[in-house]
DNA sequence: ATAGGGTTAG
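Numbering (the UniProt record's numbering), first residue to last: 1 to 640.
Written as structure tokens, this is what we have:
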């Protein structure tokens, strides 16, 4: 008998065991059980739940399969209280004896999973602690719950250690869950090693988690390595690698992978499209973004995807399209509204941003802390000091949002940039936080803007106290000295940097044209069309000089002869990009340029005049905000 | 009975 069972395939084995048990234990199943089984299968849920007390009264035990199904039904319906009801029922009937030990285990595992899905981690852990036996599934469910909960990743790893100590071997389910909890390269390397050791590294689920984990830690090469080794990839694996590239700022790489994915015969789903849109957002690839839009139409109800599309239009500076989409979206959540608020603010339309925020308060969801960052950003970039103070002071009362570091930073920016440096310093000393380097850097930027070298030196020293290795402070400090033409001090500051091996990040601008992204590096004539670009640049300079352009050499940071300074200015990356764009862009269409550093004052006035003389809309996005140049005027009002 | 990928700011 025994050996016959062993030779049967698993499913049939289980069925045979069940039927054997039935024959031996009770001759007739209770009629209530049949009803319960049917109701737990496809509902209605309330009717199935109502049967539980009847079962208890009749002294009949519900079978674990039905119970597990019922628990899943509660998850689908989002009714945590019903799940609790089942838990109560099970614990009341658990110890009446006479059942296989695994029966309780299955139901308990289901319940843990249910609690985790409802975010009731406390209940999940309590139940886990009370269980007489735990198997891989129990451990895995808890590990996954902790890995997915915010801020409990360390505990997830601890549970992985504990389960091994308890002689329960993790399986591919466990590893694919726990990989998301590896917060440092060292931990990730260790977990990866043990995955290889037990031979689970070829599992697709494990692989996609590995790729994701490496990419999220910024280790693109390792992520790519895992991906390249794979023979059989599925859609999620493709999505992981594309998302990784998109999220780490390699938009071009993400798009290339997307093309390869399609060549391999996969078609994009919502997740793929979201990542591709994010890549477009990062690189200002508006044309590609618009093509993706056509595919988004299929997924009318996917909010994440629509929010990504909305952000793409905002960050490509096309607010008409953003606005049109926003008003057509059937549903809008906090993220949709926040995207719109900061999108408008970053594009220099602060007043409209605040109007959208007003609308949000009357007909939208409750703002969150990110929304408020956008609101304060709008105030600081339009010099709206009074409004900024109002929102900052009332956000806790109105929306229950406690001001955090980011909000304080916006306030320092608001006060500092509007020239109220003393108030900014006072604000810093009165904040609820210890000022960090970000705050000091904001103050330092304001000092540079208002040419207050003494305060700048103070802020820079504070930064260097906190981050002695960070060269940003020295750069900004020496820039301030340079602005003041205190060349000796600037030189001293540069020398320190040189000695520490620091190099200023080169300015880069890029532009999407046709199906390509063209990159321009300050001072380098590396583009294949460089000769033509220089010619065009000279033509533009002649034109704008007639309109009154004078090179603002104060934006050159070294002490050089003025002619050399003009040369350095002339080949700023955004000027190269503008010249290239003028030669190649379509008539009547705006030009979009993105750059990695903030735009300098000289380029700003140059582009203003080019927009006038060429009758062209030029949009330049820097890391913080946008400049829409049209007819000699910029949307930022020369305040950035 | 347990698992992997996508959205806002900094």
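Heads up, the beta-carbon is just placed ideally off N, CA and C, and yes, glycines get one too.
Item	Value
For a test of the three-state rule: what should DSSP assign to residue 628, helix, strand or coil?	strand
Using the Cβ count rule (16 or more neighbours within 10 Å means buried), how would you classify residue 402?	exposed
Whole angstroms are fine: how far does the CA of residue 169 sit from the CA of residue 642?	Summary: the structure shown does not reach residue 642, with the chain confined to residues 1 through 640, and so no result is reported for it.
Shortest alpha-carbon distance to residue 197 belongs to which of 89, 171, 157?	171
Beta carbon of residue 223, beta carbon of residue 241: below 8 Å?	yes
Short of 6 Å in beta carbon distance, which residues of its chain neighbour residue 173, apart from the five on each side in sequence? Order them along the chain.	140
Taking all protein chains shown into account, do 16 or more other C-beta atoms lie within 10 angstroms of the C-beta of residue 595, making it buried, or fewer, making it exposed?	buried
On the DSSP bridge assignment, give the partners of residue 512 in chain order.	517
Tell me the DSSP secondary structure of residue 216 in three-state form.	helix
Can you tell me where the beta strand (DSSP E) holding residue 594 begins and where it ends?	591-595
Kindly list the residues whose CB is nearer than 7 Å to the CB of residue 41, restricted to its own chain and excluding five residues on each side of it in sequence; keep chain order.	69
Alpha carbon to alpha carbon, how far is residue 257 from residue 272?	11 Å
Since residue 108 and residue 127 should fall inside the 8 Å C-beta cutoff, what is the C-beta to C-beta distance between them, to a whole number of angstroms?	6 Å
Given residue 370, which residues of its chain have a CB within under 7 Å of its CB, disregarding the five upstream and five downstream residues?	338
Pick helix, strand or coil for residue 25, following the three-state DSSP scheme.	The predicted model places residue 25 with a pLDDT of 47, which falls under 50 and marks its position as unreliable, so this point remains unresolved.
On the CB-based measure, 16 or more other CB atoms within 10 Å of its CB, does residue 20 come out buried or exposed?	With a pLDDT of only 39 at residue 20, under 50, the local geometry of the prediction cannot be trusted, and no value is derived from it.
Considering just the uninterrupted stretch of the beta strand (DSSP E) at residue 620, what are its terminal residues?	618-621
Do you know how far the Cα of residue 280 is from the Cα of residue 288?	7 Å
Using the C-alpha atoms, what's the distance from residue 320 back to residue 449?	32 Å
Among the candidates 204, 202, 203, 175, whose CA atom is the shortest distance from the CA of residue 190?	175
Which residue from 326, 346, 377 puts its Cα closest to that of residue 359?	326
Can you check which of these residues, 491, 393, 439, 395, is closest to residue 413 by C-alpha distance?	439
Using only the alpha-carbon positions, how far apart do residue 71 and residue 43 sit?	12 Å
When you compare each of 534, 565, 551 to residue 578 by their alpha carbons, which one comes out closest?	534
Quick check on DSSP: helix, strand or coil for residue 633?	strand
Please name the residue in 48, 205, 59 whose C-alpha comes closest to that of residue 85.	48
Can you give me the start and stop residues for the alpha helix (DSSP H) that residue 40 sits inside?	31-42
Consult DSSP for residue 336 and reduce its assignment to one of helix, strand or coil.	helix
With DSSP collapsed to three states, give me the class of residue 451.	coil
In terms of residues, what are the limits of the alpha helix (DSSP H) holding residue 386?	385-399
For residue 345, which residues from the same chain have a beta carbon less than 7 Å from its beta carbon, with the 5 sequence-adjacent residues on both sides left out?	353, 374, 377, 378, 381
Starting from the Cα of residue 60, find the closest Cα among 618, 78, 33 and give me that residue.	33
Going straight from the alpha carbon of residue 652 to that of residue 389, what length do you get?	In the structure as shown, the chain starts at 1 and stops at 640, and residue 652 therefore has no counterpart that could be examined.
When the Cα atoms are used, what is the spatial distance from residue 624 to residue 118?	37 Å
Applying the 10 Å Cβ sphere with the 16-neighbour rule, what's the burial state of residue 547?	exposed
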